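Numbering (the UniProt record's numbering), first residue to last: 1 to 121.
Heads up, the beta-carbon is just placed ideally off N, CA and C, and yes, glycines get one too.
Quick caveat, the model's predicted, so the values are computed rather than measured.
Step one of this worksheet: look at the structure below.
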């Protein structure tokens with residue numbers, strides 16, 4: 001099963017082996033092409049029915065440790081913002097408690113995270 005996270009524009013991001021992919025295109029038979037989030041990277045993944053059917057090229061950059069955890073936390077904040085009546089601060093605080101300390105340097109400012117939650121509502 002593939003893992004997805006919510007993007008800033010309410011689309012999905014694909015997480016494969018610690019790398020994050022954004023959807024590039026989709027054809028009529030249900031196959032979609034995803035490319036690495038880093039625009040200069042040539043890595044691509046082809047997916048059909050939530051299963052990887054083809055991987056193109058390899059990543060030309062190192063894996064950013066903690067980026068996946070940050071994406072999961074931001075996605076969780078947006079999801080909780082939609083489903084609960086909690087104010088923004090407790091949502092951000094509770095999700096940040098799940099982010100490892102090693103990923104804390106990648107996190108945006110709390111004001112940015114709060115704004116993301118408010119905009120997503």
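Closest by CA to residue 125, which one among 44, 40, 72, 26?
Because the chain here runs from 1 to 121, residue 125 falls outside it and cannot be looked at.
Quick check on residue 13: buried or exposed, where buried means 16 or more other Cβ atoms within 10 Å of its Cβ?
To locate residue 13, count along the chain shown from 1; it is residue 13. Counting Cβ neighbours within 10 Å, residue 13 comes out buried, since at least 16 surround it.
Determine whether the beta carbon atoms of residue 41 and residue 59 lie at a separation below 9 Å.
For this step, residue 41 is matched to residue 41 along the chain shown. For this step, residue 59 is matched to residue 59 along the chain shown. Yes, these two residues count as a Cβ contact at 9 Å.
For residue 83, which residues does DSSP report across the bridge?
By one-based count along the chain shown, residue 83 stands at place 83. Its beta-bridge partners do not exist; DSSP assigns none.
Using three-state DSSP, classify residue 124 as helix, strand or coil.
A question about residue 124 goes unanswered here, because the residues of the chain that appear run from 1 up to 121.
Do the stretch 62-71 and the stretch 98-105 touch if we need at least three Cβ pairs shorter than 8 Å?
They touch, by the three-pair rule.
Nearest to residue 46 by alpha carbon, out of 75, 21, 115, 118?
By 1-based counting over the chain shown, the position of residue 46 is 46. It is 21.
CA-to-CA distance, residue 110 to residue 120, given in whole angstroms:
If you number the chain shown from 1, residue 120 lands on position 120. If you number the chain shown from 1, residue 110 lands on position 110. Approximately 15 Å, taken between the alpha carbons.
Counted within 10 angstroms of its Cβ, other Cβ atoms place residue 81 as buried (16 or more) or exposed
Counted from its first residue, the chain shown places residue 81 at position 81. Buried is the call here.
In the structure shown, what three-state DSSP assignment does residue 46 receive?
Residue numbering aside, residue 46 sits at position 46 when the chain shown is read from its first letter. Strand.
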